[in-house]
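**Student:** My structure is below; once you've seen it, I'll send some questions.
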Amino acid sequence: MTIHTPISHSNRTALPRSLLGRRLIRKAEYQFAFEMGELVTLLCTSEPAVIVGRSQTIDCIDEYMIELVEVDCDPLRVLDFQIA
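Going by our numbering, the residue at position 44 of the sequence shown is 38; the numbering climbs one at a time, nothing skipped.
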């Protein structure tokens, strides 16, 4: 039976990339420009809206799901530069 040394003690540079696995990059907590439930205004129509969801794309662009306050419609997806 072969006893294998843990990866932390072995020579990782000698292993093929497919065996190394991916390490998570730990970054500080990301700060969004707008909070959940915050009242905002759409720049294009000046309508009030509420933030109901948010995410960040790979391009580091914040995306928000908003619900218009005075309109009965499904939530809309907008980018951070479209709201104030």
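Ideal placement from N, C-alpha and C gives every residue a C-beta, glycine not left out.
Would you kindly report the start and end of the unbroken beta strand (DSSP E) that includes residue 73?
**Tutor:** Residue 73 -> beta strand (DSSP E) spans 70 to 73.
**Student:** May I ask you to report which of helix, strand or coil DSSP gives residue 25?
**Tutor:** Correct three-state label for residue 25: coil.
**Student:** Check whether the Cβ atoms of residue 60 and residue 34 lie closer than 9 angstroms to each other.
**Tutor:** Yes, Cβ-Cβ distance for residue 60 and residue 34 is below 9 angstroms.
**Student:** Determine the contact status of residue 63 and residue 78, defining contact as a CB-CB distance below 9 angstroms.
**Tutor:** Contact: no.
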